[in-house]
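As structure tokens, the structure follows; a few thoughts come after it.
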Amino acid sequence: MGGGDLNLKKSWHPATLKNQERVWKEERKHAEEQHKIEQMKKELMEERQLQELQRLQEESGQRQRSDRLDWMYAAPNQGAGGGGNADEMEEYLLGKKSVDSLIRDKNSKETVASSAAERFAISNANANNERDIQSKIREDPLLMIKKREQQSLRAIVDNPLKLKELRKEKKDKKKKKKKHEHDHSSHRSSRHHDEDRKRRSRDYDDRESRHRRHDEDDENRKRRRRDHSEDRYDDRRRRRDSDDRRHRVR
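Under the UniProt record's numbering, the residue at position 47 of the sequence shown is numbered 47, and the numbers go up by one with no gaps.
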């Protein structure tokens, strides 16, 4: 019997060159897709954050809708509403506005800003949940095992010496398999030849045995006939002797 791992002959075994090539192609395709997905996610996240910040500032009345990005580099107290606050203070100093109206406007703006900040915090919490899910996926034991298997297969595929060694092992296994099949066929033919010879010998012995039995039966029949003839002869002779004795007595 030939040695070696019989699983290497299976189509599903990961050590075969065909499966290694398939895994390598799938890994490259998967890596490219993941890179594109991550890039799209990153761009989408940045765009959403930018739109959310712009919307919050527009709702709070701190700025008008604008496509400029200066607000990203401004300090927290130097937003687009800085100029509006200065105008209101100037109107108060000139007596155009009362203190009560100024306080009411300030309170309403703070309320709008606080509600907008809460919505922004909720969106950040959702983003954190998404990151948690992604981290859980990355820390999945089964996924880690699959990644290690893919890394080991990729290391084999990327290593030309290892590939050469695997090809050599595959050729050696094919040679061993052919030799084993040849030896098995030779052994089978030799075994059949021996069986034929034994069968012929048994047939010959059976024929000889039948011939011997037939000869013995013939010999027994002849002997019985001969014995019977001798018995008849003895009977005739005894009768003749008896007749002779009776004549003599008379």
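Using N, Cα and C, we set each Cβ at its ideal position, and we do this for glycine too.
As the structure is a computational prediction, the values presented were derived from the model and not from experiment.
Exercise for the section: Please list, in chain order, all residues of the same chain as Gln150 whose beta carbon is under 8 Å from its beta carbon, the five residues on each side excluded. Expected result: Val23 and Glu27
Practice task
From the DSSP output, in three-state form, read off Pro160 for me.
Solution key: helix
Practice task
Report buried or exposed for Gln57, applying the criterion of at least 16 other Cβ atoms within 10 angstroms of its Cβ.
Solution key: buried
Exercise for the section: Would you grab the beta carbon distance between Arg167 and Leu17 for me? Rounded to a whole angstrom, and I think it's under 8 Å. Expected result: 7 Å
Practice task
Please state whether DSSP places Ser152 in a helix, a strand or coil.
Solution key: helix
Handout entry: Endpoints, the alpha helix (DSSP H) within which Ala15 is located
Key = No alpha helix (DSSP H) holds Ala15; DSSP gives it neither H nor E.
Exercise for the section: Determine the direct distance from the alpha carbon of Arg240 to that of Val249, and round the result to whole angstroms. Expected result: 14 Å
Practice task
Using the Cα positions of Lys37 and Lys176, report the straight-line distance between them to the nearest angstrom.
Solution key: First, the residue type needs correcting, since residue 37 is Ile and not Lys in the sequence shown. Between Ile37 and Lys176, the C-alpha separation is close to 48 Å.
Practice task
Please state whether DSSP places Ser229 in a helix, a strand or coil.
Solution key: helix
Exercise for the section: Could you tell me which of Ile156, Asp205 and Asp231 sits nearest to Pro14, measuring between CA atoms? Expected result: Ile156
Practice task
Measure the alpha-carbon distance for Glu32 versus Gln39 and round it to whole angstroms.
Solution key: 11 Å
Practice task
State buried or exposed for Arg232, treating a residue as buried only when at least 16 other CB atoms are found within 10 Å of its CB.
Solution key: exposed
Practice task
Could you give the DSSP three-state label for Asp203: helix, strand or coil?
Solution key: helix
Practice task
Quick one: grab the DSSP three-state call for Asp234.
Solution key: helix
Practice task
Give the straight-line distance between the Cα atoms of Ser152 and Glu47, rounded to the nearest whole angstrom.
Solution key: 38 Å
Exercise for the section: Express the C-alpha separation of Glu181 and His30 in angstroms, rounding to a whole number. Expected result: 42 Å
Problem - Asp140, DSSP secondary structure in three states - result: coil
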